[in-house]
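Residue numbers (UniProt numbering): 1 to 677.
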Amino acid sequence: MSEDTPVSVTMEKDGEIAVIIVSNPPVNALSWHVRQGLEDHFTAALADDSVKAIVLRCAGATFIAGADISEFGKPPRGPDFNAVLNSIEAASKPVVAAIHGTALGGGLETALVCHYRIAVPSAKLGVPEVKLGLLPGAGGTQRLPRVVGVEAAATMTSTGDPVPAPKAKEMGLVDELAGEDSLAADAIAFARAKIADGPRPTRERPVFGDIAVIEELKAKNAKRWRGFEAPYANLACVEAATRLPFEEGLAFEREQFMKLMFGSQSAAQRHIFFAERQAAKIDGLPKDTQLRDIKKVGIIGAGTMGGGIMMNFLQKGIPCTIVEMQQDALDRGLRVVRKNYDASAAKGRFKLEQVDQMMGLVTPSLELDALADCDLIIEAVYENMDVKKDIFGKLDKIAKPGAILASNTSYLDIDEIATATSRPGDVLGMHFFSPANVMKLLEVVRGKKTAPDALATAMAIGKKIGKVAVVAGVCDGFIGNRMLKPRQVEAMKLLLEGATPAQVDKVHVEFGMPMGPFQMSDLAGVDIGWHRDPNRIESIRDALAAEGRWGQKKQAGFYDYDEKRQPSESPRVAELIEEFRAKEGVEKREITDQEIIERTLYPMVNEGALILSEGKAQRASDIDVVWIYGYGWPVYRGGPMFWAGLEGTDKIVAALEKHGFKIAPLLREKAEAKTGF
């Protein structure tokens, strides 16, 4: 080991047991110097005649938690991971992995080449590579079927979900459970007991289990895995383990791994992995910014949004005061929250006593004055500037000094709302997405005068309640809805020119979106934002709304719906489109699927470039996070701005120009340089 190599692996002895200890904070990732240390110390332990067995364990909070993904795509350094693992598996003395915390990905693959495994009950073991568009590329798909069988191996690799140590013991993945606080001693005792048994190389164990489970998993997850490559590649490798000799299985796994590693889907999924973490960072904020203490939250409005927002806080044990204008609206809102929790309890997510505890944290009220002791107040009433300003003016007199005043508006001007108060520094936007208790995205809108500590606190509380929070600037629609608008505008134009709602939606679903623009409109409600005058018909949407075709809730919108809410194409909608086409003098023509992409998805990239250049998003990857977590953009395409690089910014600009769009200067700049964002 050279002098510039970090010392991240050490060895000590307990009689005839060598204990090799990995210490590479924070998660003992398999960095090049860890691989080097493992190679050096295993070589030394195997050469030492006084050593009869070896224990591999880790310092700190966890066992090896996986590969060092910061090394992905960089020139290789240090010994090859597979070579290190193969030498551990081939050890002439029994090797025991002592597991605490998590053994994930490459960490579990390291444990699998050890001959025996002991773990504390709180440990978790898994191969989550599929969530980064990859597969366990160091023998995981070949060794797991030999240790836990085909069924468990196929499930673990294709879903990426970890298993707790007690279940791992039942499966045979763990041989022994240690005491929660005595792993080091228990592992040495276990290794001592295994000296007589000798090594047990995993590769020499037979594959067992029913291969039929592979097709069952594909059928069961067809909707969830639609468009993804990695789950199927993982299953193909497990299937290969059932028919190929071990070395050939390894070669097949390697070939599949390299395909995924250098493919666009894994690049996109790794991009989002880092983008999500980056989104939590606030540019220009002093590192020593003190957060405000949020012990109690107030919610104004007990409708679908208000109730859903409140549930996030109750689940984290944060007391909430919820205010409505009318008793029946308040009662109805609380009944919906209770019903949602009872449904979750029926599925085993909560115990009934937990539901009672959460509901016990709620203080319902018909008076805004009840919010006087809240540290964060979130207004969740309907989108009307006058109403919101009236509420914030009242809050200004009621809320205690230092309370954060947030609006759940999806597009209104936070700076204008703040003018209704004498404390604009305390005002910001917290735009939750519907259903608020399920959707992970939270747009935190920074006003011109929003105080740094208020912004930092809102971002931190978002993380605490399990949201992915992204900072947005003040503009119409912020990040997500602003980019949605050009898509919706073009989708409507395409109907007039010859496309059908079903064709436009099909293109978006095939692209990987959960639904298309018109399916989304029907689900949300065609009447949302409608001016409510049935005699004022200026668009196809106005015509639908005037006829009561408000979407799924009325069994009619852009589609007709049966009693199970299954859609079918509507002859009436086709008539309305034809009427508008004649009125506007638009000639019907054939619209290709490619044109739909160019006119609905490319303009979103263009709008994203404007958002970036105006400073309304901190970074391109934040825009991607918004679209992945708020709108169902397929994660394997990495968000609209990342996808623009895959698609080719020059190709996007050429198409937008062809269709008569004004090109954002930043997008043109990227196109001329032939680079992504």
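Idealized CB from N, CA, C, for every residue including glycine.
Owing to the predicted nature of the structure, the values given are computational and were not obtained by experimental measurement.
When Ala153, Pro201 and Glu180 are compared against Phe208, the one with the closest alpha-carbon: Start at 1 with the first residue of the sequence shown, and residue 208 comes out as number 208. Minimum Cα distance to Phe208 is reached at Ala153.
Beta-carbon proximity check, Ile597 vs Phe511, cutoff 9 Å: Numbered from its first residue, the sequence shown carries residue 597 at position 597. Numbered from its first residue, the sequence shown carries residue 511 at position 511. Yes; because the gap between Cβ atoms is below 9 Å, this pair is in contact.
Sequence-distant residues of its chain with Cβ nearer than 7 Å to Gln36 (five each side left out): The residue you call residue 36 lines up with position 36 of the sequence shown. So the qualifying residues of the chain are Met1, Thr5, Gly78 and Pro79.
Identity of the residues DSSP links to Asp476 by a beta bridge: Position 476 of the sequence shown, counting from 1, holds the residue named residue 476. Answer by DSSP bridge pairing: none, since Asp476 is not bridged.
Exposure label - Leu291; buried when at least 16 CB within 10 Å: To locate residue 291, count along the sequence shown from 1; it is residue 291. Classification of Leu291: exposed, given that the 10 Å Cβ count is below 16.
Cβ-Cβ distance between Gly303 and Gly133 below 9 Å: In the sequence shown, residue 303 corresponds to position 303, counting from 1. In the sequence shown, residue 133 corresponds to position 133, counting from 1. No.
Closest residue to Thr450 among Met439, Gly425, Val471 and Gly676 (Cα-Cα distance): By one-based count along the sequence shown, residue 450 stands at place 450. Looking at the Cα atoms, Gly425 is the closest of the given residues.
Length-filtered (4 minimum) alpha helix (DSSP H) runs lying within the stretch 417 to 502: 452 to 464 and 480 to 497
Of the listed residues Pro567, Asn384 and Asp175, nearest to Lys553 (C-alpha basis): What you label residue 553 is simply residue 553 of the sequence shown in a count that begins at 1. Closest option to Lys553, Cα to Cα, is Pro567.
Ile118 versus Ile20: straight-line alpha-carbon distance, rounded: On the sequence shown, residue 118 is found 118 positions in, with the first residue counted as 1. On the sequence shown, residue 20 is found 20 positions in, with the first residue counted as 1. Cα to Cα, the separation comes out at about 15 Å.
Local conformation of Tyr629 per DSSP, three classes: Walking along the sequence shown from the start, residue 629 turns up at place 629. In the structure shown, Tyr629 sits in a helix (DSSP, three-state: H, G or I).
When Asp413, Phe228 and Met459 are compared against Ala279, the one with the closest alpha-carbon: The residue you call residue 279 lines up with position 279 of the sequence shown. Here the closest residue by C-alpha is Met459.
Heavy atom of the ligand SAM within 8 Å of Glu383 beta-carbon: As presented, the structure is devoid of all ligands, the ligand SAM included, so that no description of it is given.
Whole-angstrom distance between Ala620 and Leu601, CA atom to CA atom: The count along the sequence shown starts at 1 and reaches residue 601 at position 601. The count along the sequence shown starts at 1 and reaches residue 620 at position 620. Straight-line Cα distance between these residues: approximately 16 Å.
Host beta strand (DSSP E) of Ile404 (start-end): Here the question's residue 404 lines up with position 404 in the sequence shown. Its beta strand (DSSP E) spans residues Ile404 to Ser407.
Nearest to Ala556 (by Cα), restricted to the options Ser87, Ile391 and Asp527: As a working mapping, residue 556 is identified with position 556 in the sequence shown. The candidate whose alpha carbon is nearest that of Ala556 is Asp527.
Delimiting residues of the alpha helix (DSSP H) encompassing Lys124: To locate residue 124, count along the sequence shown from 1; it is residue 124. Taken as a continuous stretch (DSSP letters only), Lys124 belongs to no alpha helix (DSSP H), being part of the beta strand (DSSP E) at Lys124 to Gly126.
Whole-number beta carbon distance between Thr321 and Leu371, since they are thought to touch under 8 Å: Against the sequence shown, residue 371 aligns to sequence position 371. Against the sequence shown, residue 321 aligns to sequence position 321. Right, the Cβ-Cβ distance comes to about 6 Å (below 8 Å), so this counts as a contact.
The alpha helix (DSSP H) enclosing Lys13, as first and last residue numbers: Here residue 13 is taken as the residue at index 13 of the sequence shown, counted from 1. Premise fails: Lys13 lies in the beta strand (DSSP E), Val9 to Asp14, not in any alpha helix (DSSP H).
With 16 other Cβ atoms within 10 Å as the buried cut-off, status of Lys388: Counting from 1 along the sequence shown, the entry for residue 388 is found at position 388. Buried is the call here.
Length of the line joining the Cα atoms of Tyr411 and Arg482: Residue numbering aside, residue 411 sits at position 411 when the sequence shown is read from its first letter. Residue numbering aside, residue 482 sits at position 482 when the sequence shown is read from its first letter. The alpha-carbon atoms of Tyr411 and Arg482 are separated by roughly 8 Å.
Between the CA atoms of Ala343 and Ala403 - distance to the nearest angstrom: Numbered from 1 along the sequence shown, position 403 holds the residue referred to as residue 403. Numbered from 1 along the sequence shown, position 343 holds the residue referred to as residue 343. Between Ala403 and Ala343, the C-alpha separation is close to 34 Å.
DSSP beta-bridge partners of Val55: Mapped onto the sequence shown, residue 55 falls at position 55. Its beta-bridge partners are Val19 and Val96.
Cα-Cα separation between Lys281 and Gly447, rounded to whole angstroms: To locate residue 281, count along the sequence shown from 1; it is residue 281. To locate residue 447, count along the sequence shown from 1; it is residue 447. Their Cα atoms are separated by approximately 17 Å.
7 Å CB neighbourhood of Ile628 in its chain, flanking five on each side removed: Taking the sequence shown and counting its residues from 1, the one referred to as residue 628 is at position 628. Counting only Cβ-Cβ distances below 7 Å, and skipping sequence neighbours, we find Ile272, Val635 and Gly639.
7 Å CB neighbourhood of Ala305 in its chain, flanking five on each side removed: Here the question's residue 305 lines up with position 305 in the sequence shown. Correcting the residue type first, residue 305 is Met in the shown sequence and not Ala. Cβ neighbours of Met305 beyond the five flanking positions: Ala380, Asn408, Phe432, Ser434 and Ala436.
Ile611 versus Ala654 - alpha carbon distance: Numbered from its first residue, the sequence shown carries residue 611 at position 611. Numbered from its first residue, the sequence shown carries residue 654 at position 654. Cα to Cα, the separation comes out at about 20 Å.
Cβ distance (whole Å) where Glu669 is taken to contact Arg599 below 8 Å: If you number the sequence shown from 1, residue 669 lands on position 669. If you number the sequence shown from 1, residue 599 lands on position 599. So it is not a contact: roughly 22 Å between Cβ atoms.
Cβ-based burial, Thr202 [other Cβ within 10 Å; buried from 16]: Translated into the one-based positions of the sequence shown, residue 202 becomes position 202. Looking at its Cβ environment, which holds 16 or more other Cβ atoms inside 10 Å, Thr202 is buried.
Sub-9 Å separation of Ala472 and Val444 beta-carbons: For the purposes of this step, residue 472 is taken as residue 472 along the sequence shown, with counting starting at 1. For the purposes of this step, residue 444 is taken as residue 444 along the sequence shown, with counting starting at 1. In contact: Ala472 and Val444 (Cβ atoms closer than 9 Å).
Delimiting residues of the beta strand (DSSP E) encompassing Ala103: The residue labelled residue 103 in the question sits at position 103 within the sequence shown. Its beta strand (DSSP E) spans residues Thr102 to Leu104.
Backbone secondary structure at Met1 - three-state DSSP: For this step, residue 1 is matched to residue 1 along the sequence shown. At Met1 the pLDDT is 49, less than 50, meaning the model places this residue with poor confidence; the figure from the coordinates comes in the next sentence. Met1: coil per DSSP, three-state reduction.
Buried or exposed by the 16-neighbour rule on C-beta atoms within 10 Å, applied to Leu30: Mapped onto the sequence shown, residue 30 falls at position 30. When all chains shown are included, Leu30 counts as buried.
Bounding residues of the alpha helix (DSSP H) (the contiguous stretch that carries Leu667): Taking the first residue of the sequence shown as 1, we reach residue 667 at position 667. Run containing Leu667: Pro665 to Ala673, per the alpha helix (DSSP H) assignment.
Simplified DSSP assignment, three categories, for Pro517: Taking the first residue of the sequence shown as 1, we reach residue 517 at position 517. Helix, per DSSP.
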